[in-house]
Amino acid sequence: MKNFVAIVLTAFMLVSLAACEQTESSSPSSTLESADSVQSETKTVSGVDNSEPVELTMVIQTDGIECADNAMLDEAINELLNEKLNVTLNIKRCTFTDTRTNMNLWLSSGEPCDVFNSWFSWSTYKDYYADLTPYQDLMPNALEALGNFISNGYNGDQLLGLPAIKDWVSYSCYMMRKDIVEETGMNPEEIKTFADFEALLRKIKENHPDMYPLTNGTAGRSTLFTSTVNAREDGTQYMTDMCIGTGLGIGLMDPATSSEVSCMFFSDFYKDTIEMAYRWTEEGLMYDSSILNGFEQVVAGTAAGYGTSYKPGIESQETVSCGTEMVAVCMPDPKDGVLVTNTNFNWGVNKNCKDPERACQLLDLLYYDVDLNNLLSWGIEGVHYVKTDDPNIIEYPEGIDASTVSYYSWGKWELPNNYLQYVMAPSPSNLWEEMDEFNMAAAPSKALGFVFDTTPVEGEITAVQNVITQYDPGLGSGTLEPSKLEEFQQALLDNGVQKIIDEAQRQLDEFISNKQ
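Just so we're aligned: the sequence shown equals residues 216 to 731 in our numbering.
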């Protein structure tokens, strides 16, 4: 395995040097050693006094379902942490909606919230993070695992967060029930454009008139990826890099070849897509739920598929979640993914934390401790999963499946080091090797390594976000008439979107100039 890792890292360096002037800060160290070797080779921190017990609170995201065995897991996790760090951990589980609406309140009010991740809101939450620079000696394993990718956690000269080790490539797809796709006679690998996809959805609707062929992957979010993809003249798609702020729709529309900053809400692709979304919704081909996630609708039999992010093993992962075999319709093609700066899941310590030293040790543990990672991800061995003859593969105990297991982690992909998690059958044993190769193969964005300083345009960002919240969800879901687009665009202009674009272009040009 170590020879494989060395080869991977060497190949990654060569690709990085050759591809689009990628910066040194873009590539993480590989963490693909076996669980046993990871445990045996971890660094210990000498001279740290953990004799006093400490209580910490950690926030993780859920899908809103309260697992019956959460208390059992908390007890097992704290048994491990008491022994290793003399820490008692209170796990604050909150939904996607809770995070969006309540996180700022929790942070600003001083409610216990010691360790948390940025959850798509780096530009907002970074103001609450402690500077970890003075505590780097307490996190040797995390820093080694992240390598140069640690740059994604910096804001200026302050280290505010540690990026989660996961799929870093920006890429989307649509997960569909395989049996229902096979009924249509269409080959999902040949579906490359929305025109092709519409033909599939229509055939599904003909065969299953009481079912929505397509729905959204996450409740409350649009089904179609209007902000992350663009299209060529022939209709084939490729990934964008919306690297400016969070949810602003501002960034690079052609990130592999151009550093021009623009707003996707003014693009032809957005216009064409919202018109299509309206038509699909009117004809019953698509439905955006505000209550249920995509896999829940598939399980309920009300939907045939949903939009989600693509990564190696996604079909097996979603097959387990849905309880039926799923297949990916990849638009764009996997080769058209793009490697982008990723601050969406940076883990950090609250600047109001009473014991940042112990919190940093907890973060370090999360980057190397196999037992802790799999307790959080899968639960307790023998109760929520069992091991197999393959040391990397686990499966559910006899008589239990994804729908009946009494503990699961919806947000395990946000945890600090995905590569330490066991792989649930039928996912491949070499899933994390495939993930590493997937991360390597993508073309780097021209903005890779760039982090936008929002300070000069904070007022405009707030105003523009409010406008987007008013219009985009309805337009993107097909529930608001496309004729509202012009009104939407004018409101963006009136509230300073061009000033944000100009400031972003200035900063990006300076960033690119400095790295040459």
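Ideal Cβ positions, reconstructed from N, Cα and C, are used throughout, including at glycine.
Can you name the start and end residues of the beta strand (DSSP E) that ASN431 belongs to?
In the sequence shown, the residue the question calls residue 431 occupies position 216. Looking at the DSSP string, ASN431 is not in any beta strand (DSSP E), and its letter there is neither H nor E.
Sorted by chain position, which residues of the same chain lie with C-beta nearer than 8 Å to ALA226's C-beta, five sequence neighbours on each side aside?
Stepping through the sequence shown from its first residue, residue 226 is reached at position 11. Caution applies to ALA226, whose pLDDT of 32 falls short of 50 and renders its modelled position unreliable; the model cannot decide the point.
What's the call for TRP402, buried or exposed, on a 16-neighbour Cβ count within 10 Å?
Position 187 of the sequence shown, counting from 1, holds the residue named residue 402. Per the sequence shown, the amino acid found at residue 402 is Asn instead of Trp. Its Cβ having fewer than 16 others within 10 Å, ASN402 is exposed.
Measuring alpha carbon to alpha carbon, tell me which residue in ASN588, VAL638, MET501 is nearest ASP605.
As a first step, residue 605 must be located in the sequence shown, where it is residue number 390. Residue nearest to ASP605 within the set ASN588, VAL638, MET501 is VAL638 (criterion: CA-CA distance).
How would you call ASN371, buried or exposed, if buried means at least 16 neighbouring beta carbons within 10 angstroms?
In the sequence shown, the residue the question calls residue 371 occupies position 156. Before going on, a small fix: residue 371 reads as Gly here, not Asn. Here GLY371 is exposed: its Cβ has fewer than 16 other Cβ atoms, across all protein chains shown, within 10 Å.
Where GLU475 and TYR686 are concerned, what is the direct C-alpha to C-alpha distance, given to the nearest angstrom?
Position 260 of the sequence shown, counting from 1, holds the residue named residue 475. Position 471 of the sequence shown, counting from 1, holds the residue named residue 686. One C-alpha to the other measures close to 25 Å.
Can you have a look at VAL555 and say buried or exposed, based on whether 16 or more other CB atoms are within 10 angstroms of its CB?
Your numbering for residue 555 matches position 340 in the sequence shown. Taking all protein chains shown into account, VAL555 has 16 or more neighbouring C-beta atoms within 10 Å of its C-beta and is therefore buried.
Per-residue burial, LEU320 [other beta carbons within 10 Å of its own, 16 or more giving buried]:
As a working mapping, residue 320 is identified with position 105 in the sequence shown. LEU320 is exposed by the Cβ-count criterion.
ILE715 (DSSP reduced to helix, strand or coil)
In the sequence shown, residue 715 corresponds to position 500, counting from 1. In this structure, ILE715 counts as helix in the three-state DSSP scheme.
Would you report the Cα separation of VAL672 and ILE715, rounded to the nearest angstrom?
Reading the sequence shown from its first residue, position 457 is the one you call residue 672. Reading the sequence shown from its first residue, position 500 is the one you call residue 715. Looking at the backbone, the Cα of VAL672 and that of ILE715 are separated by about 6 Å.
Name the one or two DSSP bridge partners that ASN305 has.
Counting from one through the sequence shown, the residue named residue 305 turns up at place 90. Partner(s): THR272.
Decide if GLN452 is buried, meaning its Cβ has at least 16 other Cβ atoms within 10 Å, or exposed.
Residue mapping note: residue 452 aligns to position 237 of the sequence shown, counting from 1. It is buried - the Cβ of GLN452 has at least 16 other Cβ atoms within 10 Å.
ILE506 by DSSP, collapsed to three states: which one?
Your numbering for residue 506 matches position 291 in the sequence shown. ILE506 falls in the coil class under three-state DSSP.
Since SER524 is in the beta strand (DSSP E), which residue starts that stretch and which ends it?
If you number the sequence shown from 1, residue 524 lands on position 309. DSSP places SER524 in the uninterrupted beta strand (DSSP E) bounded by 520-524.
For a test of the three-state rule: what should DSSP assign to MET655, helix, strand or coil?
For the purposes of this step, residue 655 is taken as residue 440 along the sequence shown, with counting starting at 1. Shown here, MET655 sits in a helix according to DSSP, grouped into three states.
Do MET354 and PRO527 have their C-beta atoms closer together than 9 Å?
Taking the first residue of the sequence shown as 1, we reach residue 354 at position 139. Taking the first residue of the sequence shown as 1, we reach residue 527 at position 312. The answer is no: Cβ separation not under 9 Å.
Rounded separation between LEU630 and ALA574 - CA only:
Position 415 of the sequence shown, counted from the first residue, corresponds to residue 630. Position 359 of the sequence shown, counted from the first residue, corresponds to residue 574. Taking the straight line from one Cα to the other gives about 15 Å.
Taking buried to mean at least 16 other C-beta atoms within 10 Å of its own C-beta, is GLY432 buried or exposed?
As a working mapping, residue 432 is identified with position 217 in the sequence shown. With 16 or more Cβ atoms within 10 Å of its Cβ, GLY432 is classed as buried.
Taking 9 Å as the threshold (C-beta atoms), are VAL444 and PHE412 in contact?
For the purposes of this step, residue 412 is taken as residue 197 along the sequence shown, with counting starting at 1. For the purposes of this step, residue 444 is taken as residue 229 along the sequence shown, with counting starting at 1. Taking 9 Å as the Cβ cut-off, PHE412 and VAL444 do not qualify as a contacting pair.
Compute the beta-carbon to beta-carbon distance between GLY522 and PHE440, rounded to the nearest angstrom, for a pair I have assumed lies under 8 Å.
Within the sequence shown, the letter at position 307 stands for residue 522. Within the sequence shown, the letter at position 225 stands for residue 440. Their Cβ separation, rounded to whole angstroms, is 6 Å, which keeps GLY522 and PHE440 in contact under 8 Å.
So, with DSSP's three-state summary, where would you put PRO631?
To locate residue 631, count along the sequence shown from 1; it is residue 416. PRO631 sits in coil when the DSSP states are folded into three classes, being neither helix nor strand.
If HIS423 sits next to ALA519, beta carbons under 8 Å apart, how far is it from one beta carbon to the other, in whole angstroms?
On the sequence shown, residue 423 is found 208 positions in, with the first residue counted as 1. On the sequence shown, residue 519 is found 304 positions in, with the first residue counted as 1. Under the criterion of beta carbons closer than 8 Å, HIS423 and ALA519 qualify as touching, at roughly 7 Å.
Member of SER366, ASN729, ALA719 whose CA lies at the smallest distance from the CA of GLY466
Start at 1 with the first residue of the sequence shown, and residue 466 comes out as number 251. Ranking SER366, ASN729, ALA719 by Cα distance to GLY466 puts ALA719 first.
When DSSP labels each residue in this structure, what does SER387 get in the three-state scheme?
By 1-based counting over the sequence shown, the position of residue 387 is 172. Residue state, collapsed to three classes: strand.
Look up TRP562 in the DSSP assignment and say whether it is helix, strand or coil.
For the purposes of this step, residue 562 is identified with residue 347 of the sequence shown, where counting begins at 1. DSSP places TRP562 in strand when its eight states are reduced to three.
Does the distance between the C-beta of THR339 and the nearest non-hydrogen atom of the ligand SAM fall short of 8 Å?
In terms of ligand content, the structure shown is empty, and the ligand SAM therefore cannot be addressed.
Between the region 484-496 and the region 385-392, do three or more beta carbon pairs fall short of 8 Å?
Contact fails: fewer than three Cβ-Cβ distances are below 8 Å.
Can you round the beta-carbon distance between TYR493 and TYR427 to whole angstroms, since I take them to be within the 8 Å contact cut?
Here residue 493 refers to the residue found at position 278 when the sequence shown is read from its first residue. Here residue 427 refers to the residue found at position 212 when the sequence shown is read from its first residue. 15 Å between Cβ atoms; not a contact.
Using the C-alpha atoms, what's the distance from LYS381 back to MET390?
On the sequence shown, position 175 is the one that residue 390 refers to. On the sequence shown, position 166 is the one that residue 381 refers to. In a straight line, the C-alpha of MET390 is about 20 Å away from that of LYS381.
Unbroken stretches of the alpha helix (DSSP H), 4 residues or longer, contained in the region 325-389
Counting only runs of 4+ residues, the alpha helix (DSSP H) found wholly inside the region 325-389 occupies 337-340, 355-361, in chain order.
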